[in-house]
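Okay, so here's the structure we're looking at.
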Amino acid sequence: MSDVLRAPAELKYAEELDWLESVDDSPKPFAWRLSPKMIRLFVLGSERADGLDREISQKWFGDRSIVERAIVTLASDRGLLLIGDPGTGKSWLAELLAAAISRNSTLVVQGTAGTTEDHIKYSWNVSMVIAKGQSRESMIPSPIMTAMEAGSIGRFEELTRSTSDVQDALISILSEKYISVPELDSDGIVFAKPGFSVIATANSRDRGVNDLSSALKRRFNFVRIPVVTNKKSEAEIVRFRTEELLRRHQIELEVPPTLLDVLLRSFGDLRAAAASAGSDDEKLESALSTAEQIGVLEDAVLHSNFFGERELTARTLASSLVGSLARREPEDLAILNKYLHGVVEPRSKDEGGDWPEFLDGGRDAIATLS
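In the numbering used here, the protein residues as written are 566 to 935.
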């Protein structure tokens, strides 16, 4: 799939999924392509104790129980709601689960203030309606309706960003498992086939934007995705995503472990400062998520490849960090400047290594933006 900018998980890992399906002899719910055990193995990767003839790569880094509970929920008749802070991997986990269960993760509705009930149910091809009238052929099914008809997994991203009337349209779908089409005299009900379910995601920081009704909450099992606090796990996530970027761009550039440590410690310092801040003005606007950490490293890697000496340096890393995190002026610049002088400067004197160059790169970037 070299001609696709970003291949969905079922295409990206098609070889692994084909192999897992060929050796999977465990019971499968409904028309699932893989058994629950194989789905967990696909998401979390194989271990020696699994006794497989080939290694399965780890694709999502998190607690095993989270993945297991998500799979069990989808095997029931309830929807799955993945909720957590930005950058915790909710959407990626939803995509992997849909790919493993249905081999189709692209039946997605993106929740926004502009999402309407038509995006969840159906709309009409106006030219066909004018020419031939309303019929199943002139109806445009939503991704959710398509998932119902196929007995597949439908996805709803950022559920709490859509309005309450749009959210309420999901209630009958999740409880009754059909969509009524009153415009059609016959064939006016679309029933869900066994295996249909919905994986929704919600940003915990959007609480209060469009809160879910109690009726809709009852149709979902909530699975909370915690922020990654383990330094080793976060390093694995950042390294995994960066290696994917390098392969996609066919870049041969090494990320030194010492610079990865500088990035991890910097984000840890800034998170600690944000936690102890007395007001929002004393916090960076950035959520300082793992996803943003990956973004900083990707920016530095690409800059080094295209405009540097094809070698990642601490100076470039610092410049990318400041450029990515300084979203408000002058507040964010002041917070980053305070961090450089209060934490990085003493550390560069005590530890040396990459820190002095990181300090100089950060100062130069702030001076440029000021």
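Ideal Cβ positions, reconstructed from N, Cα and C, are used throughout, including at glycine.
Which of helix, strand or coil does DSSP assign to glycine 753?
As a first step, residue 753 must be located in the sequence shown, where it is residue number 188. Correct three-state label for glycine 753: coil.
Who are valine 788's beta bridge partners in DSSP?
For the purposes of this step, residue 788 is taken as the residue at position 223 of the sequence shown. BP columns for valine 788 point to Leu647.
Go to glutamine 732, then tell me how far its alpha helix (DSSP H) extends in each direction, as first and last residue.
Taking the sequence shown and counting its residues from 1, one reaches residue 732 at position 167. That run of the alpha helix (DSSP H) goes 729-741.
Opposing strand residues paired with glycine 918 [DSSP bridges]
Position 353 of the sequence shown, counting from 1, holds the residue named residue 918. In DSSP, glycine 918 forms no bridge with anything.
Where does glutamine 858 fall in DSSP's three states?
Against the sequence shown, residue 858 aligns to sequence position 293. Three-state DSSP puts glutamine 858 in a helix.
Strictly by DSSP, which residues pair up with proline 747?
Against the sequence shown, residue 747 aligns to sequence position 182. According to DSSP, proline 747 bridges with nothing at all.
Please give the ranges of any alpha helix (DSSP H) in the stretch 610-663, keeping only runs that are unbroken, at least 4 residues long and fully inside the region.
629-640
Measure the beta-carbon distance from serine 869 to threonine 878 and round it to whole angstroms, keeping in mind my assumption that it falls under 8 Å.
Against the sequence shown, residue 869 aligns to sequence position 304. Against the sequence shown, residue 878 aligns to sequence position 313. With 8 Å as the limit, serine 869 and threonine 878 qualify as a contact, their Cβ atoms being about 7 Å apart.
Backbone CA spacing between lysine 848 and valine 909 [nearest angstrom]:
By 1-based counting over the sequence shown, the position of residue 848 is 283. By 1-based counting over the sequence shown, the position of residue 909 is 344. Cα-Cα distance, rounded: 18 Å.
With distance defined between alpha-carbon atoms, name the residue in Phe761, Pro747 and Asp919 nearest to valine 827.
The residue given as residue 827 occupies position 262 in the sequence shown. Ranking Phe761, Pro747 and Asp919 by Cα distance to valine 827 puts Asp919 first.
Could you spell out the range, first to last residue, of the beta strand (DSSP E) harbouring threonine 878?
As a working note, residue 878 is residue 313 in the sequence shown. Run containing threonine 878: none; DSSP gives neither H nor E here.
Keeping to the same chain, check which residues put their C-beta closer than 8 Å to that of valine 866; ignore five residues upstream and five downstream.
Taking the first residue of the sequence shown as position 1, residue 866 is located at position 301. Taken in chain order, the residues that qualify are Thr807, Leu810, Leu811, Ile816, Leu818, Val820 and Leu877.
My guess is that valine 763 and threonine 681 are in contact by the Cβ rule of under 8 Å, so how many angstroms apart are they, rounded?
Counted from its first residue, the sequence shown places residue 763 at position 198. Counted from its first residue, the sequence shown places residue 681 at position 116. In fact, because the Cβ distance is near 17 Å, the residues do not count as touching under 8 Å.
In whole angstroms, give me the CA-to-CA distance for isoleucine 666 and glycine 907.
For this step, residue 666 is matched to residue 101 along the sequence shown. For this step, residue 907 is matched to residue 342 along the sequence shown. Cα to Cα, isoleucine 666 sits roughly 50 Å from glycine 907.
So, for glycine 773: in the same chain, excluding its five sequence neighbours on each side, which residues have a beta-carbon less than 8 Å away from its beta-carbon?
Position 208 of the sequence shown, counting from 1, holds the residue named residue 773. A caution first: glycine 773 carries a pLDDT of 47, below 50, which makes its placement in the model too unreliable to give a value.
Do asparagine 690 and isoleucine 709 have their beta-carbon atoms positioned less than 8 Å apart in this structure?
Mapped onto the sequence shown, residue 709 falls at position 144. Mapped onto the sequence shown, residue 690 falls at position 125. Not closer than 8 Å, so no.
Around the Cβ of alanine 930, are there at least 16 other Cβ atoms within 10 angstroms (buried) or fewer (exposed)?
Here the question's residue 930 lines up with position 365 in the sequence shown. Buried, since its Cβ has 16 or more Cβ neighbours within 10 Å.
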